[in-house]
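Just below is one structure, and these are the notes that go with it.
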Amino acid sequence: MSQLVSKSFPWLIGYLILVTVPYVLVDTFAPEIDSLALILNMLAWALGYLLFLKLMQTGGFLAGGRKTGVGTYFAVGFTISILVGLALMVLVIPGLYLLMRWSPAWSRALVSDYGVGNSMRWAWSRTEAIQRDLAWGMVGPTLCFLVTIGLGLAVYQFYEWVSWSNYVIASIIWNTTLSLASAWYAVLSVAAFDLVTKD
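FYI, in my numbering the residues of the sequence shown are 1 to 199.
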């Protein structure tokens with residue numbers, strides 16, 4: 001995973017900047033404009049897809065070309081997000097476990113004609129033997145996500161006592177950690193795909 005990060009480092013930094021800065025600006029200067037948030041969410045998703053493609057290319061997994069495209073990437077993400085979201089509502093750990101086990105599904109769907117369901121089933125079966133490694137890999141993104149949620153809830157709870165400058169600092173922190181969690185998970189998913197395809 002470290003080799004993948006080092007080779008893709010400029011792209012990862014670019015992703016963090018391009019995703020984080022607009023969110024911070026909207027949070028601090030136009031938080032009431034919902035349409036801007038929607039646009040930023042679409043931008044973040046598109047940049048996430050481009051980052052994923054770059055990671056796959058860096059890992060050497062696109063040498064044979066892509067079998068699918070952005071539609072399948074979206075379908076896999078949408079399906080996993082719903083199932084993980086439902087699991088997170090029940091308890092946090094099951095949701096994270098599903099996210100961990102399905103991490104190689106995006107890569108599999110991109111380079112094969114397996115489709116969404118078969119790619120998820122393939123990822124589930126192939127990650128059985130590397131659960132411990134994946135669990136350690138999930139620590140970083142999970143901590144980043146918890147910082148994002150915790151700080152956001154704290155600011156919301158004590159909003160009346162938070163100064164504007166402190167709010168800006170908090171926005172920078174939670175948006176950076178959220179972007180970092182997304183980038184980290186993208187790296188983890190490609191690294192996991194690398195591990196399970198070497199078997």
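We treat Cβ as the ideally placed atom computed from N, Cα and C, and that holds for glycine.
It should be emphasised that the depicted structure is a prediction, and the values quoted were computed from it without experimental measurement.
Residue range of the alpha helix (DSSP H) that includes residue i
| i | result |
| --- | --- |
| D113 | Note, D113: premise wrong, no alpha helix (DSSP H); not H, not E. |
| V139 | 131-157 |
| V162 | First-last for V162: undefined, no H or E at that position. |
beta-carbon residue i near the ligand MN non-hydrogen atom, thresh 8 Å
| i | result |
| --- | --- |
| V24 | Absent from the structure shown: the ligand MN. Ligands present: none. |
Nearest to residue i (by Cα), restricted to the options the options
| i | options | result |
| --- | --- | --- |
| Y114 | Q3, A75, L18, S8 | A75 |
| S2 | K198, A123, A191, V196 | A191 |
| L51 | M120, L18, W124 | L18 |
| L88 | M56, K67, L146, E32 | L146 |
| L143 | K67, L178, L86, A46 | L178 |
| L47 | A123, L86, P22 | P22 |
| S103 | K198, V5, W184 | W184 |
| F193 | S125, G14, S171, L86 | S125 |
| M120 | R101, W136, I82, A37 | R101 |
| W45 | I33, T20, D34 | T20 |
Under the three-state DSSP convention, the category residue i falls into
| i | result |
| --- | --- |
| S8 | coil |
| G177 | In the sequence on display, residue 177 carries Thr and not Gly. Reduced to three states, the DSSP call for T177 is helix. |
| T254 | There is no way to answer for residue 254, as the model of the chain reaches only from 1 to 199. |
At what residue ranges does the region 20-108 contain a whole run of the alpha helix (DSSP H), taking only runs of 4 or more? 34-58, 70-90, 92-101
Three-pair Cβ contact test at 8 Å for the region 17-33 versus the region 55-71: no
Does the region 114-134 come into contact with the region 90-103, if we say contact requires no fewer than three beta-carbon pairs (one atom in each stretch) closer than 8 Å? yes
For the pair the region 138-154 and the region 4-16, tell me if three or more CB-CB distances fall below 8 Å. With a cut-off of 8 Å, the region 4-16 and the region 138-154 do not count as touching, because too few Cβ pairs lie within range.
With contact counted as at least three CB pairs below 8 Å, one residue from each stretch, are the region 158-166 and the region 102-113 in contact? no
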